[in-house]
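K.L.:
I am attaching a structure below and will ask some questions about it afterwards.
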Amino acid sequence: MSNSDFILAVHALVYLDHKADTLTSSLLAENICTNPARVRQVMARLRKAGLVATREGRKGGGYYFAHDAGKITLRMVSEALGTCFVAASWRSGDPHMACRVASGISGVMDGILGELNQACLHRLEQMTIQDVSQKLFG
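Each residue of the sequence shown is one higher than the one before, counting from 7 in this note's numbering.
This is the structure in structure tokens:
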């Protein structure tokens with residue numbers, strides 16, 4: 007999934023923790039500055055991973071953060087969404103060419119990008135939703 011889904015998810019979790027209430031996708035979307043359908047798509051994956059819970063009903067229904075914000079790492083959020091932070095949308099060369107550079111560069115670059123992605127995940131493992139809130143509120 008995209009980095010923007012990750013950003014949306016972190017925003018939603020921080021906001022849910024801050025409000026300490028059940029919020030609809032419309033209220034979340036208003037604060038995130040996106041549309042409710044997109045919020046529901048991302049929140050469904052967070053719910054499946056157990057990072058948020060839902061309440062049914064027209065009044066009082068929606069999403070809530072039922073965890074200790076200090077125990078939910080940004081890596082957990084990333085993994086719930088399947089986010090890849092470092093990836094290439096284009097590859098150079100051709101694996102069928104006789105030239106070693108042209109035929110091998112894609113695999114080498116994929117390995118480098120994979121290492122960078124792992125470094126991102128390692129850093130995100132050290133940061134929690136509470137850490138993000140502390141950056142906002144001091």
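Cβ coordinates follow ideal geometry from the N, Cα and C atoms, glycine included.
If we count Cβ pairs, one from each stretch, closer than 8 Å, do we get three or more for the segment 9–20 versus the segment 71–83?
P.N.:
yes
K.L.:
Which runs of the beta strand (DSSP E) at least 3 residues long sit entirely within the segment 21–60? Give them in chain order.
P.N.:
none
K.L.:
Would you mind reading off the limits of the beta strand (DSSP E) that contains G99?
P.N.:
Per DSSP, G99 belongs to no beta strand (DSSP E) and is neither H nor E.
K.L.:
Indicate the three-state DSSP secondary structure (helix, strand or coil) for G68 in the structure shown.
P.N.:
strand
K.L.:
I'd like the list of long-range same chain contacts for Y70, defined as Cβ closer than 8 Å, with 5 residues on each side in sequence excluded.
P.N.:
Result list for Y70: L22, D27, T28, L29, V58, A59, T60 and R61, in chain order.
K.L.:
Just grab the DSSP bridge partners of T79 for me.
P.N.:
T134
K.L.:
Counting Cβ pairs closer than 8 Å, one from the segment 92–108 and one from the segment 43–51, do we hit at least three?
P.N.:
Cβ pair count under 8 Å is below three, so no.
K.L.:
Does the separation of the CB atoms of S139 and A75 fall below 8 Å?
P.N.:
yes
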